[in-house]
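Sequence positions in the sequence shown follow mature numbering (1 follows the signal peptide of the UniProt record, and there is no 0) and run -23 to -1, 1 to 244.
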Amino acid sequence: MRKTLCTWLAISFMACCVGLAHAQTAPRVVDIPTRPGVTQRVLVLAPAEPKAVAILFTGGNGILQVADNGELRQGKGNFLIRSRQMFVDQGLMTVVVDAPSDRQTSPYLSGFRQTPEHLADIKAVMAWVRTQTGVPVWLVGTSRGTQSSAFVATELSGDPGKAGPDGLVLTSTILSDERGRAVPNMPLGKLRIPVLVVHHEQDGCRLCSFSEIPRLMDQLTGAPRKQLLSFKGGNNRGDPCEAFAYHGFNGLEAEVVTQTVAWMLAK
């Protein structure tokens, strides 16, 4: 009887620990004041005790139209957006960035990602996040979202951990762009934060050719820690520059997120 009771208590204790490890606060929609008359809406998902923060930047035109209840009216298929809960499950507070209130109509973030206004909006997001938790804050972009995250990181490179981010993750990076400045053409040598580059070797998007990755990595001369995580396989469906092609790590989401977060949290 005593042995059975002890066994039951042990199992109950282990179940309780597992439950605590996966405990999550209720998702929140927050409108952060930024420029005069403008707010920046974010969707916040977090474990009870986050180890770090991942601010996620979707690709394309950057519009998600986050509703008051947290529902996404657009863009929910994007790699980072559809994988957002995986970041939470790995222990990260996950902050999904929508277009700001003055960019909720076309062209949304097109032509806006490398502007002082966008910089002001994301600075406000990072400042708000730091009022919520004292853990490191990372910018994580995918596809055209890398043009947002890399721009903000380079512009704030002189103040990491305060106004600027503590780390940067670039997935499916824009490596060439006839419509704007590609990421390798930014002053990446200014960065003094860890930088992780995540790319699919079979990415068929003409703006994201894996053959251009060495040029990107060579620019990261000041990063105290940098690495390329490359992937093969998965599923390839539809437009090669869209979310369910190799470009969006279709079928590899769990593997990509797990390895990405492990690198972010490594000392």
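Note that CB positions come from ideal geometry on N, CA and C, so glycine has one too.
- Using a Cβ distance threshold of 8 Å, V234 and S126 do not count as a contacting pair.
- Here the alpha carbons of F187 and G111 stand approximately 36 Å from one another.
- Spanning the alpha carbons of N46 and R18 requires a straight line of approximately 12 Å.
- By the criterion of at least three beta-carbon pairs nearer than 8 Å, the stretch 133 to 148 is not in contact with the stretch 48 to 55.
- Looking at the DSSP output, W115 shares a beta bridge with A31, G144.
- Between the stretch 81 to 96 and the stretch 28 to 44, the count of C-beta pairs closer than 8 Å reaches three or more; the two stretches touch.
- In this structure, the straight-line span from the alpha carbon of W240 to that of T11 is close to 31 Å.
- Here D79 really is in contact with V15; their C-beta atoms are around 5 Å apart, less than 8 Å.
- At the C-beta level, V114 and R107 come within 8 Å of one another.
- The Cβ atoms of T71 and A23 sit closer than 8 Å to each other.
- In the displayed model, I190 falls within a helix according to three-state DSSP.
- Just measuring C-alpha positions, the residue of K28, G144, D154 sitting nearest R169 is G144.
- Two segments are said to touch when three or more pairs of C-beta atoms, one from each, lie closer than 8 Å; by this definition the stretch 178 to 186 touches the stretch 205 to 223.
- Here T119 really is in contact with G36; their C-beta atoms are around 5 Å apart, less than 8 Å.
- DSSP, read as helix, strand or coil, puts M70 in strand.
- Apart from sequence neighbours up to five positions away, the residues of its chain that approach E189 with a beta-carbon distance below 6 Å are L152, ordered along the chain.
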